[in-house]
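Numbered according to the working numbering, the sequence shown spans residues 37 to 353. The C-beta atom is built at its ideal place from N, Cα and C for all residues, glycine as well.
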Amino acid sequence: MSLVLLFLFLFSIFLLYRSLSSTKPNLPPAPASLPFIGHLHLVDSRTPHRSFHSLSLHYGNPDSSRLILLNLPSPTLVVSTASDAELVLKTHDLAFASRPASFSEAILVNGTGQGVSFSEYGNYWRQSKKFTVVHLLGQKRVFSAPFRAAHAEEVTAMMDHIAANKGEINLSDCFYAYANGVVSHAIAGKENNAQRLRELTDDLSAILANGSLYQLAAEVFPGIGKLITKVSGLDKKFELYNRNWNQFMAEIIEDKKKTANTKEEDFLDVLLRARDDGTAGFDLTENDIIAIVRDITAAATDTTFNTLEWIMYSCLS
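Structure below.
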């Protein structure tokens with residue numbers, strides 16, 4: 037018995053010494069957290085950006101940056117100033133390039149190739165990102181005749197919709213429809229293809245928005261994440277979306293193989309040509325193309341829509 041007590045005493049001394057002598061990491065400030073859920077109770081799921089801003093003002097260091105560290109439930113760095121955003125997105129871009137794995141990602145990418153959004157940092161990520169910037173977001177593409185025509189068409193449709201609806205109107209919905217329309221035309225070309233691409237993007241946005249609570253629960257409790265997505269029906273919704281998406285992409289790719297158009301190429305044409313002649317700069321399969329188009333359509337729509345929304349907010353303010 038005395039040997040056990042002696043061992044416990046010495047072990048306690050060792051733990052105390054190690055805790056006092058070890059160098060603590062210089063982490064950003066953080067509010068007090070709760071077991072299991074961390075700081076989730078401090079974030080309003082309807083307006084998380086406002087919650088992050090308020091927490092940064094309250095807990096961030098006013099003498100330097102407003103960086104704070106939250107457990108959501110994984111450690112999450114909240115960046116709320118332009119200078120810190122530049123450090124994260126530009127200066128130290130490589131350190132933040134890879135995204136942590138999530139249940140939504142696992143369900144969404146099931147059965148498809150690598151996309152841009154969820155791929156780890158490496159040659160594929162670098163080359164696919166560069167390829168997208170050059171061939172979809174580059175000046176040549178943006179000022180091309182098909183892109184300008186799609187832009188004019190969507191602006192006209194948005195203005196006609198606003199004029200036809202007298203009284204109050206939800207401009208956020210108008211901006212989203214405009215952004216989705218322009219992006220869909222730039223990626224898929226023909227009107228019927230662009231319309232179907234727009235509908236599928238809307239379906240994905242609805243699944244992500246309506247299932248956000250279940251996705252969050254799956255991330256908070258990863259041990260029962262699969263059970264949560266199954267009971268909530270989220271896995272079935274993603275499965276149906278993936279089936280519809282893959283079928284649509286298979287049909288449009290087959291159609292483009294039969295009717296190649298080198299004069300007015302859309303982004304999907306460029307991807308297929310790069311795959312066939314090996315000029316992409318990275319290994320590119322048909323499944324990869326399907327995943328890249330999915331990622332870029334959703335990402336380009338959201339960023340364009342959010343930018344327009346904030347511009348309107350700034351003008352009204």
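Can you tell me whether residue i is buried or exposed? The criterion is at least 16 other CB atoms within 10 Å of its CB, across all chains shown.
i      : result
Pro109 : buried
Ser350 : exposed
Arg366 : With the chain running from 37 to 353 in the structure shown, residue 366 is simply not present.
His94  : exposed
Gly247 : buried
Phe179 : exposed
Asp319 : exposed
Asn62  : exposed
His171 : buried
Ser134 : exposed
Met285 : buried
Trp346 : exposed
Leu106 : buried
Arg102 : buried
Ala181 : exposed
Ala199 : exposed
Asp271 : buried
Ala364 : This structure cannot speak to residue 364, because the chain is shown only from 37 to 353.
Ala222 : buried
Thr265 : buried
Val191 : exposed
Gly96  : buried
Gly269 : exposed
By the three-class DSSP mapping on this structure, what secondary structure does residue i have?
i      : result
Val169 : helix
Leu389 : Because residue 389 is not part of the residues shown, which for the chain are 37 to 353, the question remains open.
Gly261 : helix
Thr112 : strand
Gly217 : helix
Ile104 : strand
Leu320 : coil
Leu70  : strand
Ala310 : helix
Pro182 : helix
Arg86  : helix
Asp302 : coil
Tyr33  : Nothing about residue 33 can be reported from this structure: the residues present for the chain run from 37 to 353 only.
Asn342 : helix
Leu63  : coil
Arg135 : coil
Lys292 : helix
His197 : helix
Thr315 : coil
Lys202 : coil
Ser153 : coil
Val79  : coil
Asp99  : coil
Thr192 : helix
Thr333 : helix
Confirm, please, whether the CB-CB distance from residue j to residue i is below 7 Å.
i      : j      : result
Val124 : Phe132 : yes
Gly225 : Asp302 : yes
Gly74  : Thr321 : no
Pro65  : Ile104 : yes
Thr337 : Ala245 : no
Lys273 : Ile243 : yes
Ser69  : Ser92  : no
Tyr277 : Leu304 : no
Phe167 : Ala316 : yes
Ser87  : Val79  : yes
Ser220 : Ala213 : no
Ser155 : Trp161 : yes
Phe341 : Phe211 : yes
Leu307 : Ile325 : yes
When the cut-off is 7 Å and only beta carbons count, does residue i lie next to chain D?
i      : result
Ala181 : Of the chains in the structure shown, none is chain D; there is only one protein chain.
Meets three-Cβ-pair contact criterion under 8 Å: the stretch 325-341 and the stretch 234-253: yes
Touch test, the stretch 280-297 against the stretch 243-261, Cβ-Cβ under 8 Å, three pairs minimum: no
Length at least 4, wholly inside the stretch 227-284: the alpha helix (DSSP H) runs in chain order: 227-246, 248-256 and 261-268
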